[in-house]
Amino acid sequence: MSEEQENPQENRPIDLSKNQNPEPAPFRPLDQGPATPPPFQQPPPFQQPPPFGQFGGGGFGQQNLPNATASLVLGILAIPACCFYGIFGVIFGVIAWILGAGDMKKYQLNPGLYTESSYKNAKAGKICGMIATILSVLFIVIVVLIIAGAITNPKMFDHLIQGVK
0 MSEEQENPQE NRPIDLSKNQ NPEPAPFRPL DQGPATPPPF QQPPPFQQPP
50 PFGQFGGGGF GQQNLPNATA SLVLGILAIP ACCFYGIFGV IFGVIAWILG
100 AGDMKKYQLN PGLYTESSYK NAKAGKICGM IATILSVLFI VIVVLIIAGA
150 ITNPKMFDHL IQGVK
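Numbering follows numbering that gives the first Met the number 0, in which position 51 of the sequence shown is assigned residue number 50; successive positions increment by one, without gaps.
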């Protein structure tokens with residue numbers, strides 16, 4: 000019994016010095032009928048996957064920006080949070096804005112170290128944070144003006160409320 004038959008699951012390197020296919024398949028032009036398929040070749044041996052956080056190809060060694068996802072999530076949450084008297088929108092929006100801006104600076108200092116997708120997430124989080132902060136501040140200003148108007152001129156405010164009913 001040969002050694003390969005005794006241990007069929009054992010991985011061994013392929014010896015490239017051996018000529019496994021001595022004759023190449025004959026070349027046939029397209030108009031001369033079907034070409035014969037190449038003979039069956041053994042697949043390459045099992046290879047270990049790259050270490051965690053690293054991928055093969057052009058992005059080898061790149062990592063995500065540390066706060067890109069947090070910036071995006073907080074920026075998205077900040078937009079509907081504007082409706083809660085603007086306070087939560089301002090809080091989430093400012094945090095998203097700061098985290099996104101910090102990660103964008105990190106990416107611009109060393110773009111080869113980080114993935115482009117995480118840069119785009121940080122940029123989107125920063126933009127959502129800006130929008131939410133501006134909307135929240137506007138909402139707070141409107142609420143303050145309404146309260147100040149109700150305090151200074153209560154008769155007009157009562158007339159306005161009864162007109163809505």
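For every residue, glycine included, the Cβ atom is placed at its ideal position computed from N, Cα and C. All values reported here derive from a predicted model rather than from experimental measurement.
* Asked: Considering only the beta carbon of each residue, do residue 70 and residue 98 sit closer than 7 angstroms?
  -> yes
* Asked: What does residue 113 pair with, by DSSP beta-bridge criteria?
  -> 62
* Residues in its own chain within less than 6 angstroms of residue 102 by CB, not counting five upstream and five downstream? -> 64, 66, 67, 121
* In whole angstroms, what separates the C-alpha of residue 160 from that of residue 96? -> 38 angstroms
* My guess is that residue 128 and residue 93 are in contact by the Cβ rule of under 8 angstroms, so how many angstroms apart are they, rounded? -> 7 angstroms
* Asked: With a CB to CB cut of under 8 angstroms and the five nearest residues on each side skipped, what residues in its chain are close to residue 155?
  -> 148
* Cβ neighbours of residue 73 in the same chain (closer than 6 angstroms, five flanking residues each side left out) -> 91, 94, 95
* To do: Compare the Cα-Cα distances from residue 135 to each of 40, 78, 41 and report the closest residue.
  => 78
* Please go through the same chain and pick out, in chain order, the residues whose beta-carbon is closer than 6 angstroms to the beta-carbon of residue 123, but skip the five residues on each side of it. => 71
* Asked: Does the distance from the C-beta atom of residue 85 to that of residue 150 stay below 7 angstroms?
  -> no
* Asked: For residue 84, which of helix, strand or coil comes out of DSSP?
  -> coil
* Anyone know if the C-beta pair for residue 81 and residue 131 falls short of 7 angstroms? -> yes
* What's the call for residue 117, buried or exposed, on a 16-neighbour Cβ count within 10 Å? -> buried
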